Every structure is written in C-alpha cells, then in structure tokens.
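S.K.: My questions will all concern the structure given below.
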Amino acid sequence: MEPGSGRLPGRLVVFGGTMHELSIMQSVLDQVLEKARQAGASRVHAIRLRIGVLSGVVPDALQFAFEALADGTPAQGAQLLIEDVPARFWCATCRHEFEATRMFAECPDCHRPSMELRAGREMELTSLEVD
Amino acid sequence: MCQECGCGLPGENPVGISAHHHDHDHDHGHSHDHQHDHDHPHFHTHSHDEADHDHSHGDAVGQHRVLEVRQAILEKNDRLAERNRGFFHARGLLVLNVLSSPGSGKTTFIRETVRLLGKRLKTGVIVGDLATDNDAQRLRESGAPVVQITTGTVCHLEAEMVARALKQLDLKGLDLLIIENVGNLVCPASYDLGEDLRVVLLSVTEGEDKPLKYPPMFQSAGVAVVSKMDLATACDYNRDTALANLRRLAPNAPVFELSAKTGNGMDAWCEFLIQQHKAIKARDPLGA
Chain A
14 MEPGSGRLPG RLVVFGGTMH ELSIMQSVLD QVLEKARQAG ASRVHAIRLR
64 IGVLSGVVPD ALQFAFEALA DGTPAQGAQL LIEDVPARFW CATCRHEFEA
114 TRMFAECPDC HRPSMELRAG REMELTSLEV D
Chain B
27 MCQECGCGLP GENPVGISAH HHDHDHDHGH SHDHQHDHDH PHFHTHSHDE
77 ADHDHSHGDA VGQHRVLEVR QAILEKNDRL AERNRGFFHA RGLLVLNVLS
127 SPGSGKTTFI RETVRLLGKR LKTGVIVGDL ATDNDAQRLR ESGAPVVQIT
177 TGTVCHLEAE MVARALKQLD LKGLDLLIIE NVGNLVCPAS YDLGEDLRVV
227 LLSVTEGEDK PLKYPPMFQS AGVAVVSKMD LATACDYNRD TALANLRRLA
277 PNAPVFELSA KTGNGMDAWC EFLIQQHKAI KARDPLGA
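Respectively, the protein sequence lines represent chains A and B.
The working numbering numbers the first residue of the first sequence as 14 and each following residue consecutively.
The working numbering numbers the first residue of the second sequence as 27 and each following residue consecutively.
Structure representation (structure tokens):
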C-alpha cells in the first residue's frame, strides 16, 4: 500500500499491506492459462512480460506473487522473464526521443519538459513458452 | 500502465498500455472476440523480442513452443474503463479521478468543490475506502449524491467497481462526477477508471519531494493540486521546490494551489472545472 513500492534505480522495496502486484499477477496468470488452454498446451515453461518503469509495478513483487499464485497450475515452476522498459519521452524542440533519468520528463539537451511520454507505462504479457 | 493513464487530455501518454487496445473496444462484452483479434499480428515483433531476452534465457527456455500474446496485463480493466468512458461521454459528464496519499485532504477538497460549484455544475461523488462510510457521510454534507465503495482489502479502485457504483447513482441532471480513489500513491496509478482527468493532490504537510518519491502517480497526473495551503507557513513549505518537482514529473499538468478550508484558490479551480465541462459538452458526441 502507500509505503514504499515506488520503482527507482537502486530502489528499496517494502512489502506490506495488500500488494496490487498480487491482483496484477492474477490477471497475468488468468491470461496465461487461457492462452495455454486454447493452444492445447499442458505445461507453461516460460512467461515473458514487459514492465515499464512508470507502470507502478515492482518486478520483484510480481515474481513473489507469481510463485504464490502459480502453485498447482500448469504454470507452476515456469520462468518469469521480465523485461524492464525505461521511460522515454519525445522532445519537440530538439526533435529527438530521450530516456528519462530518474523518470523526469526533462530533455537532457534543452532542459525543457517533454509533453509526450512514448514508453514506460507498459504492462504487457509478451509471449509464453508451452508444451 | 493504467492504460492511457487516465486523463483524456490531448497529447498525453499516447503510448499507454491501452494504446494497444484502442481498436478492440467496439461492443463486445467478453474476451471471446478479442482473443481472435490478437492472434493475427503477433509474429511480426517476435524476433525483436527474442533479442531483448537473450541474456535472461535459462537453459529450459527456448526449447518449447512459443505463443505470442502481446496483450496488456490489465486488458480487462482497460476494456471496462473504456466502456465507462463511453458511458460518461454519452451523458456529457466530466469525470475526475482524485488521488493522493491518505490524509492529503481529498474528502474536504471534494466536499468544498461540490459546495462552491453549487448549481453551476451539478456534481455526484463516488468514494472508495477500504472500510467505513465516514467519507461518504462527510461528502453528503455538500448536498451531492454520494456512493461509497468499500474495497475490503483492495488498495485501489478498479473500473468494474466504478461501473457497479454507477448503478446506485442517479446521473440524471449531473454535469460532473468526482471519483475519490483509495488514499494510496502507488497502486491506483495502474488502474484507469474511465475518467477524463486524473487529479493528484499533494498537501503542503507531506514534503516537497513527494512527487519524486512516487513518480508513476505524479507522472500520470492530468492536474496537480497543492492542498492545505493555509498550513504552508507552519510547515515551512518551500513553494519553488514543490512546483519544480511537480513540473519535472508532470510538466503538462496545470497546478492549483489552494486551501479547501479557507477557500483560497478554490475559485480558480472551480472555474477550471466549468471550462473543462464546457469543452466536454462541445465535444462531438460521435467523437469525430
């Protein structure tokens, strides 16, 4: 809950209260199991996610939630591979995209604030590996 | 994530999670059809993703059948939020999602907003808390229709909870719907409710660096409100630092500095809402 799960470089992760990562992971698992079932697969070996640094989700907490939730499902023991997506903004003045440091929307060249976020909020189930 | 991140301000967050989903939301109620929608385009981006993942491959990975998915994790919430948004647009309602840490003054701020707007904008309120309906009772003092959502252990509101609450709220004649989210600067950032504007409060008692500590929430703000300005002196509030920090994370968001208690700054805020509502009413109902 309120204390502590902001994602920053060198972050300190505090687990406490109800993790929204738990309900988010449940959504992942629901989608994973449904896709696997549709494909006639009996086992899930790997799950790939893309998680933006501005998504508000902590990958470590997702991993923790996954292990708890996948138990007893065809996804038990699957590898959870999480790709971090950095925050990228577009600077309309310099006409280039820049990666945000400390999540600030400020162009490193002209120091003007960007008005356009181009990446960093993703929370995407990319692919699965199944048998 | 939270999918377009909420606020319907033009130009904001074109690459939110639900950017992947805009075209799915026509009329289907369930995941049936859209499973099909997703099956076609997948393989295009496959090789690219493999490259990204090379380092993390374990030995067991890569030897099995790969199913491409590329689906937003909160796809269901995004879809329901878009449905809410369509419902709101059809009624010409301006909808705010108000977020802050617990104790930043959301409830007082909303109550005074409703009271001051009076007949200029008829307002309804949905308020979320883990437990009790204390906030709903306080909000009813403003005379507005109020629905309380108690979330139990859930630390944020979701689009579905709002849709359910709407059934208990008579929207007839309302111009503005204010949704007071659960006091929490982390989790609600991820959940689009279908609002037009995401309003994030920072009270002067919380410290000027709060935005830096909770970047995803402040980054998603469509409007930033600095509340409890009447306490600024007592708290040694450093205005320049606070505004600079807000600008760094949410450069697009207009900032309102106000005190709901004394009323200072509330006029400008109410006037802003009236203008926003006019813009909504002027919007082509077909969204052209």
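Every residue gets a Cβ at the ideal spot worked out from N, C-alpha and C, and that includes glycine.
Just so you know, these numbers come straight off a predicted model, no measurement behind them.
How about Gln76(A): is its C-beta nearer than 9 angstroms to some C-beta of chain B?
M.R.: Output row for Gln76(A): interface = no.
S.K.: Taking Cβ to Cβ, would you say Val249(B) is nearer than 9 angstroms to Val230(B)?
M.R.: Not closer than 9 angstroms, so no.
S.K.: Using the three-state DSSP reduction, which class does Ala279(B) fall into: helix, strand or coil?
M.R.: The answer is coil: DSSP assigns Ala279(B) none of H, G, I, E or B.
S.K.: State the Cα-Cα distance for the pair Thr134(B) and Arg111(B), rounded to the nearest angstrom.
M.R.: If you take the alpha carbons of Thr134(B) and Arg111(B), they lie about 26 angstroms apart.
S.K.: Tell me which residues share the same chain as Pro327(B) and place their Cβ nearer than 6 angstroms to its Cβ, disregarding the 5 neighbours each side in the sequence.
M.R.: The shown model of chain B, from 27 to 314, leaves out residue 327(B), and the question about it has no answer.
S.K.: Helix, strand or coil for Gln92(A)? Go by DSSP, reduced to three states.
M.R.: Reduced to three states, the DSSP call for Gln92(A) is strand.
S.K.: Alpha carbon to alpha carbon, how far is Leu42(A) from Leu82(A)? Give it in angstroms, no decimals.
M.R.: Each residue's alpha carbon lies about 8 angstroms from the other.
S.K.: Quick one: Cα of Arg21(B) to Cα of Gln301(B), how far?
M.R.: Past the edges of chain B, shown from 27 to 314, lies residue 21(B), and the structure says nothing about it.
S.K.: Using DSSP's beta-bridge definition, name the partner residues of Val172(B).
M.R.: Its beta-bridge partners are Val151(B).
S.K.: Helix, strand or coil for Gln44(A)? Go by DSSP, reduced to three states.
M.R.: In this structure, Gln44(A) counts as helix in the three-state DSSP scheme.
S.K.: For Met136(A), write down the residues that DSSP places opposite it in a beta bridge.
M.R.: Bridge partners of Met136(A): Ile64(A).
S.K.: Please compile the residues from chain B whose C-beta is within a distance smaller than 9 angstroms of the C-beta of Phe111(A).
M.R.: Neighbours of Phe111(A) on chain B: none; closest Cβ ~14 angstroms, over 9 angstroms.
S.K.: Have a look at the DSSP bridge pairing and note the partners of Glu112(A).
M.R.: Arg101(A), per the DSSP bridge assignment.
S.K.: Under a Cβ-count criterion, where at least 16 other Cβ atoms within 10 Å of its own Cβ denotes burial, should Gln194(B) be classed as buried or exposed?
M.R.: Its Cβ having fewer than 16 others within 10 Å, Gln194(B) is exposed.
S.K.: Distance check for Thr267(B) and Arg56(A), CA to CA, integer angstroms please.
M.R.: Cα to Cα, the separation comes out at about 53 angstroms.
S.K.: What's the C-alpha gap between Phe244(B) and Ala100(A)?
M.R.: C-alpha separation (whole angstroms): 14 angstroms.
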